[in-house]
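First up is the structure itself, then whatever we jot down about it.
In the numbering used here, the protein residues as written are -6 to 395.
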């Protein structure tokens, strides 16, 4: 089936905003005020992106974790589209695809502390809460959805994978609408786990800089309603293509050659039937670690050689939202497309790449959005979003104005 795949306006909550409009304002201004110091149970402090508590509300007792509250806050923003899809197609023709890799982890350390103190885990610390399907189950039960409910947990590419599977469900005819996205939470388990790998930056992350020192973690949720039918309101945005690959190199480190990342980007371009010079902006995975940035810069330079494509990382604004990152950064690309539709060169605004401006001379030179001397194509019609995860689980999405 060759039907196009359309994306609704997304529902979003993260450190950079409690709606997609707030998120865009932060991206356009380079506002990283949502990144703050958090003190872990160990007493160690970390910079991290935490969503505004005022945007989160209590959910049904069985699902009442911070992770599900984040998810619910994003879903409520697209509830009209969800209910419209259920009415148009019926509950059995609507599917759910959710990417997450840390749901339930905010309960882990307190639960184990309680076990040490009392000899038993708290009643709410159940296997279900820790299950990979917990966030997907919540969406199905909240809205009475009877189509497939699929969970994806491939670390930092989880929700990009969820969006890809949603498109495949639509193109195969197995669903007429899919609620797709991702959610993850900042927890002590996550912070201390990444710190044990010496991957967490002592400062706010500084992607592509010679002085970069690692990741700044974050939390958030982003969801779309995806259909084969164009939305009746607003600027229509399509998922033109996608690509996936596996490095088969190391449990955590990326293939330093960037070959796996390059394969994912090339596959996305082939599926989209586009040439590299037709991409106007790339939202990099851009974690700010030595190895990830070096690998991604090599891959982008290979795939987009001699193309004046603008690139940037938005993780200094949102934090690295892990399993939610693919969907959240797709939402940023979506909004960049909509906000720049019909604008001429002097009026175009791209998400700010916030860093110290000291480009790593060991990296291939990239055209970083908003930096002095950076080239610009004078249009934002097609964007790429990269998600390159632990274990070499790579995914690239291509979004564009219909």
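Glycine included, every Cβ here is placed at the ideal spot set by N, Cα and C.
Compare the C-alpha of residue i against each of the options and name the closest.
| i | options | result |
| --- | --- | --- |
| residue 48 | 66, 56 and 268 | 66 |
| residue 286 | 230, 349 and 357 | 357 |
| residue 56 | 24, 2, 7 and 120 | 120 |
| residue 95 | 187, 132 and 170 | 187 |
| residue 288 | 158, 253, 297 and 191 | 253 |
| residue 271 | 176, 221 and 371 | 371 |
| residue 246 | 377, 264, 283 and 71 | 283 |
| residue 23 | 383, 369 and 362 | 362 |
| residue 157 | 260, 20 and 354 | 260 |
| residue -4 | 41, 166 and 126 | 166 |
| residue 383 | 178, 315 and 373 | 315 |
Could you check the C-alpha separation between residue i and residue j for me, to the nearest Å?
| i | j | result |
| --- | --- | --- |
| residue 198 | residue 142 | 35 Å |
| residue 135 | residue 189 | 37 Å |
| residue 323 | residue 79 | 24 Å |
| residue 273 | residue 320 | 19 Å |
| residue 464 | residue 113 | Here the chain has residues from -6 to 395 only, and residue 464 is not among them. |
| residue 164 | residue 184 | 38 Å |
| residue 268 | residue 152 | 25 Å |
| residue 89 | residue 223 | 19 Å |
| residue 122 | residue 100 | 9 Å |
| residue 220 | residue 50 | 28 Å |
| residue 27 | residue 180 | 16 Å |
| residue 170 | residue 45 | 30 Å |
| residue 205 | residue 386 | 23 Å |
| residue 394 | residue 150 | 23 Å |
| residue 115 | residue 209 | 30 Å |
| residue 355 | residue 71 | 44 Å |
| residue 98 | residue 258 | 32 Å |
| residue 263 | residue 139 | 33 Å |
| residue 295 | residue 225 | 39 Å |
| residue 10 | residue 128 | 21 Å |
Name the one or two DSSP bridge partners that residue i has.
| i | result |
| --- | --- |
| residue 108 | DSSP lists no partner for residue 108. |
| residue 7 | 10 and 213 |
| residue 235 | 390 |
| residue 378 | 276 and 390 |
| residue 174 | 91 and 216 |
| residue -1 | 220 and 231 |
| residue 68 | Per DSSP, none; premise fails for residue 68. |
| residue 42 | 28 and 211 |
| residue 361 | 304 |
| residue 185 | Answer by DSSP bridge pairing: none, since residue 185 is not bridged. |
Using beta-carbon positions only, say whether residue i and residue j come within less than 8 Å of one another.
| i | j | result |
| --- | --- | --- |
| residue 306 | residue 360 | no |
| residue 234 | residue 155 | no |
| residue 207 | residue 311 | no |
| residue 309 | residue 347 | yes |
| residue 86 | residue 8 | no |
| residue 344 | residue 215 | no |
| residue 200 | residue 147 | no |
| residue 192 | residue 173 | no |
| residue 176 | residue 290 | no |
| residue 278 | residue 381 | yes |
| residue 239 | residue 391 | no |
| residue 43 | residue 29 | yes |
| residue 388 | residue 161 | no |
| residue 255 | residue 298 | no |
| residue 351 | residue 202 | yes |
| residue 379 | residue 326 | no |
| residue 218 | residue 338 | no |
For residue i, decide whether its Cβ has a neighbour in chain B, counting only Cβ atoms nearer than 8 Å.
| i | result |
| --- | --- |
| residue 40 | Within the model displayed, chain B is absent; a lone protein chain is all it includes. |
Can you round the beta-carbon distance between residue i and residue j to whole angstroms, since I take them to be within the 8 Å contact cut?
| i | j | result |
| --- | --- | --- |
| residue 68 | residue 132 | 7 Å |
| residue 0 | residue 331 | Wrong, their Cβ atoms sit about 10 Å apart, outside the cutoff. |
| residue 6 | residue 213 | 6 Å |
For the ligand SAM, any of its heavy atoms closer than 7 Å to the Cβ of residue i?
| i | result |
| --- | --- |
| residue 309 | This structure lacks the ligand SAM, and indeed carries no ligand of any kind. |
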